[in-house]
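2 protein chains.
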Amino acid sequence: MTAIRCKGFQAAGIHSGLKQNGNMDLGLIYSKTPASSAGVFTQNRVTAAPVRITRKRMETGISNAVIVNSGNANCCNGETGFQDALNMAGATARGLELTDNKVLVASTGVIGKRLPIEKIETAVPNLIEALNPDGFMDFAKAIMTTDTVPKLEHRQGRVHDRTYNLVGMAKGSGMIAPNMATMLCFICTDVSIPHPLLRKVLVSAVDKTLNRICIDGDTSTNDTTLILANGQSNVSMDTMGQIEDFQRLLEQLLNSLAKSLVKDGEGVTKCVDIIVKGAMSNQNAHTIANTLATSPLVKTALFGEDANWGRLIAAAGRAGVPIDPDSIDIYFDQAQMTRNSISCGPEAEIQATRALKKPEFSIIMDLNMGEGSASVLTCDFTIDYIKINADYRS
Amino acid sequence: MTAIRCKGFQAAGIHSGLKQNGNMDLGLIYSKTPASSAGVFTQNRVTAAPVRITRKRMETGISNAVIVNSGNANCCNGETGFQDALNMAGATARGLELTDNKVLVASTGVIGKRLPIEKIETAVPNLIEALNPDGFMDFAKAIMTTDTVPKLEHRQGRVHDRTYNLVGMAKGSGMIAPNMATMLCFICTDVSIPHPLLRKVLVSAVDKTLNRICIDGDTSTNDTTLILANGQSNVSMDTMGQIEDFQRLLEQLLNSLAKSLVKDGEGVTKCVDIIVKGAMSNQNAHTIANTLATSPLVKTALFGEDANWGRLIAAAGRAGVPIDPDSIDIYFDQAQMTRNSISCGPEAEIQATRALKKPEFSIIMDLNMGEGSASVLTCDFTIDYIKINADYRS
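Top to bottom, those sequences are chains A and B.
Mapped onto the numbering used here, the consecutive letters of the first sequence carry residue numbers 1 to 394.
Mapped onto the numbering used here, the consecutive letters of the second sequence carry residue numbers 1001 to 1394.
Below you can see the structure in the form of structure tokens.
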């Protein structure tokens, strides 16, 4: 396997004492060269202290480092929590000899418990010591909460004879809903790209990937996606074609991360692409796809491998957008299950059930009304999801 | 125990062969005297055939009978399903010597399977034979699906020296969401009250009771609440005071039925009153209460008896209405858990956890912004909910 590197970037992950099981819980990304940077953040009206700070620091469009802890969201801790987040970034800035506003900060974990800031401040020098060009996997591990596998993806692009890199790391795996800047996700790239363009490319790519996944319909107070571009590959985005290539690679990278988030969602056994087409508009299609993707009755039927298409139609009917209740066609992969909202019969159900038994498949709902379409990646609702979330803090 | 009767009404429940376990699956309510009638129906855009027929027949405001089957929703069966529902009501009308439009019809169960109409037509004469003034409990049993107990309530009012009765029967216990005419519910009363006033009283009472409960956030295609008033107690609603008394009794009756629906919700172990106050408006409070009541993360924490108030604040933050994220007070029963969105400490958590261990308790969220308030009755999300709904059709 090729080493996952991104020129001029170093990363690290260590255990600082926030997680009781001894796993890594503190991560750092660092570029000595100041990097053009952009971010998208949770649309929840309640935001964690680090989100408030990082969103503000993003305005300059230039950053050198991102420090992230797992095990504690540092949310709903009032003025103390805000000061703790400033101190977490401040300790990093001092250690790296940067001004404070060049360090971004993110947290993930339980809401409403004070961040053990002394542990973090004590650990920061060791974290900086651990920085190295091959440290991305450790970083990916350090940001995990209920995730069972780290999420790390790498893509390479080429402009003339020069290669450039995109490295992305993300964590899930609950409180995840579409139409938001979901979860934590960090992307490093060694291209040179100015802040406004970088932001535009990021927002567009996130909308097509991370904003189209759903695990439980809840939205975190800490969701953050950041991209840093330090230009160390000596590749600049000079032409529209080069930007389009970069955009495509970024979408591929984020799509892989998004899919791995759903597959590693809490208790998940099925990863299902919900595709709605034939709607009056793309927005209507998206609304219906989201309603299907979050319906507990749909998601429990997926877990039960039950081709219970009546629940799909019932969920579409309550989505709040116009549909013709008598013209819906439903497919499980290629197997057509309904025509004009009526069952295609027992043989169709056998075919549909075959698709449902697979770990990954598609559900296609054709409303037969117009040209609008959208897709959302979702998962099943399982006994293990309940167990994980009933016991989360204990 | 007093016999549950309502003057001039008879009811029955029998097994017609729709449920494979031999339980009762066909119910009938009958008043020889034509009754003033009113109904509220699902707001799902997909509606079952019996809903379409009953909604239409409701327009005359006069009915004599309601026939209901469980085990099959008769939804998404196209023109055939519509004809089956007409025939189900038609067989009843013939047996009772009524014109077709005096018979209302409702169905509940699996969507998208053809109704076994021959079984029903064969059973209708036996069902009519079984009619008797003490038949309400059998009717309540005949409309059950995944319910574990029948829901039957009785209230008596008095005007001068005359007593009148209200008898209500309902069934749950999945696909239940607030802000809808949820589930099936039938009310018989022997007062005399004209159709327009009866409808007004019903809509108002449903809005305060059945529309304020939530089991899983999904909304049925078959939800129907009907009230029949046959005047056989010789009590007329002549004064505003008498109507207010009647309204209050109806609300009490529906509130008891609503609570019993939540307590018997699929897999439920906790019945929790979510009270939001201090909002900018009642509507805002209702939106937030609904968001808390349907959040999988909130509902799994209830199951885990975990005072995870961070999930409550996070859910409020994504509800889509204005909140001040730094001014939220949360109580579990009387135990204050947060002040200004910050934890009140470990002792508060011990008190809160004590409330969570009870089968019924309240969560109060005070937004400290205005005078708006609302409440929604919800339940926990449990391992048994998943098991019931993964295996529903098998």
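For each residue, glycine too, the CB sits at the ideal point set by N, CA and C.
Residue i, buried or exposed, once every other Cβ within 10 Å from all chains shown has been counted against 16
i	result
I1350 (chain B)	exposed
T1122 (chain B)	exposed
K1007 (chain B)	buried
H160 (chain A)	exposed
A1003 (chain B)	exposed
E1129 (chain B)	exposed
M1180 (chain B)	Confidence at M1180 (chain B) is low in this model, with a pLDDT of 31, below 50, so the placement of that residue is unreliable and no value is reported for it.
N397 (chain A)	Coverage of chain A is limited to positions 1 through 394, which leaves residue 397 (chain A) absent and any answer about it impossible.
F9 (chain A)	buried
E1079 (chain B)	exposed
M1365 (chain B)	buried
N165 (chain A)	buried
P1196 (chain B)	exposed
T60 (chain A)	exposed
R1212 (chain B)	buried
T1221 (chain B)	buried
D1147 (chain B)	buried
D402 (chain A)	For chain A, the structure presents residues 1 to 394; residue 402 (chain A) sits outside this window and is missing.
I14 (chain A)	buried
G241 (chain A)	exposed
G1168 (chain B)	buried
S1394 (chain B)	Residue placement at S1394 (chain B) is poorly supported in this model, since its pLDDT is 49, which falls under 50; the coordinates still yield a value, given next. The residue is exposed, with fewer than 16 neighbouring Cβ atoms inside 10 Å.
E1251 (chain B)	buried
K358 (chain A)	exposed
Contact set between residue i and chain A, taken where Cβ atoms lie within less than 8 Å
i	result
K1263 (chain B)	Within chain A, no residue comes near K1263 (chain B); the closest Cβ sits about 18 Å away, beyond 8 Å.
I1323 (chain B)	R45 and V46
Delimiting residues of the beta strand (DSSP E) encompassing residue i
i	result
D273 (chain A)	C271 to A279
T10 (chain A)	For clarity, residue 10 (chain A) is Gln in the given sequence; the question names Thr instead. Counting along the chain, the beta strand (DSSP E) containing Q10 (chain A) begins and ends at F9 to I14.
F381 (chain A)	Unbroken run through F381 (chain A): none, as it is neither H nor E.
I227 (chain A)	T224 to A229
I213 (chain A)	Where I213 (chain A) is concerned, there is no enclosing beta strand (DSSP E), given that its DSSP letter is neither H nor E.
T1189 (chain B)	L1184 to T1189
Continuous alpha helix (DSSP H) stretch holding residue i: start and end
i	result
G310 (chain A)	W309 to G317
L197 (chain A)	H195 to K208
I1243 (chain B)	M1240 to K1263
L98 (chain A)	From DSSP, L98 (chain A) is part of no alpha helix (DSSP H); its letter is neither H nor E.
T1221 (chain B)	Element bounds for T1221 (chain B): n/a, residue is neither H nor E.
A1289 (chain B)	N1282 to T1294
Contacts of residue i in chain A (Cβ-Cβ under 7 Å)
i	result
C1075 (chain B)	G310
A1348 (chain B)	Under the 7 Å cutoff, chain A gives no residues; its nearest Cβ is about 11 Å from A1348 (chain B).
Under 7 Å by beta carbon: chain B residues contacting residue i
i	result
T221 (chain A)	A1314 and G1317
D207 (chain A)	Going along chain B, no residue has its Cβ under 7 Å from D207 (chain A), so there is no contact; the nearest lies around 18 Å.
V110 (chain A)	G1310
T300 (chain A)	I1386, N1389 and A1390
Where residue i meets chain B, residues with beta-carbon distance less than 8 Å
i	result
I383 (chain A)	I1383, I1386 and K1387
S341 (chain A)	V1046, C1076 and G1078
Contact test: residue i Cβ vs the ligand PLP heavy atom, cutoff 7 Å
i	result
S1341 (chain B)	Looking for the ligand PLP in the displayed structure turns up nothing, as the structure carries no ligands at all.
Contact list for residue i against chain B, beta-carbon separation under 9 Å
i	result
G95 (chain A)	The premise fails here: G95 (chain A) is roughly 30 Å from chain B at the closest Cβ pair, so nothing lies under 9 Å.
Neighbour list for residue i in chain A, Cβ cutoff strictly below 9 Å
i	result
F1303 (chain B)	I386, N389 and A390
Any C-beta of chain D under 8 Å from that of residue i
i	result
D306 (chain A)	Judged by its chain identifiers, the structure shown contains no chain D, and its protein chains are A and B.
Q | Contained alpha helix (DSSP H) runs [length at least 4] in the stretch 34-91 of chain A, N- to C-terminal order | A | 49-57
Q.
For the pair the stretch 1230-1244 of chain B and the stretch 1016-1035 of chain B, tell me if three or more CB-CB distances fall below 8 Å.
A. yes
Q: Would you be able to state if there are at least three C-beta pairs under 8 Å between the stretch 1012-1028 of chain B and the stretch 1129-1143 of chain B?
A: yes
Q | Within the stretch 1105-1165 of chain B, ranges of the beta strand (DSSP E) (whole runs, at least 3 residues) | A | 1151-1159
Q | Runs of alpha helix (DSSP H) lying entirely within the stretch 299-373 of chain A, each at least 4 residues, in chain order | A | 309-317 and 346-356
Q: Check whether the stretch 378-389 of chain A touches the stretch 268-275 of chain A, counting contact only when three or more Cβ pairs, one atom from each stretch, lie closer than 8 Å.
A: yes
Q. Is there contact here, the stretch 320-328 of chain A with the stretch 282-302 of chain A, by at least three beta-carbon pairs under 8 Å?
A. yes
(Q) Is it the case that the stretch 1069-1077 of chain B contacts the stretch 1099-1118 of chain B, given that we only count it when at least three CB pairs across the two stretches are under 8 Å? (A) yes
Q) Is it true that the stretch 1086-1099 of chain B meets the stretch 1242-1251 of chain B, where meeting means three or more beta-carbon pairs spaced less than 8 Å apart? A) no
Q | contact_flag[the stretch 1200-1215 of chain B, the stretch 1055-1068 of chain B] where n(CB pairs < 8 Å) is 3 or more | A | no
(Q) I want to know whether the stretch 337-357 of chain A touches the stretch 295-307 of chain A - three or more CB-CB distances under 8 Å. (A) yes
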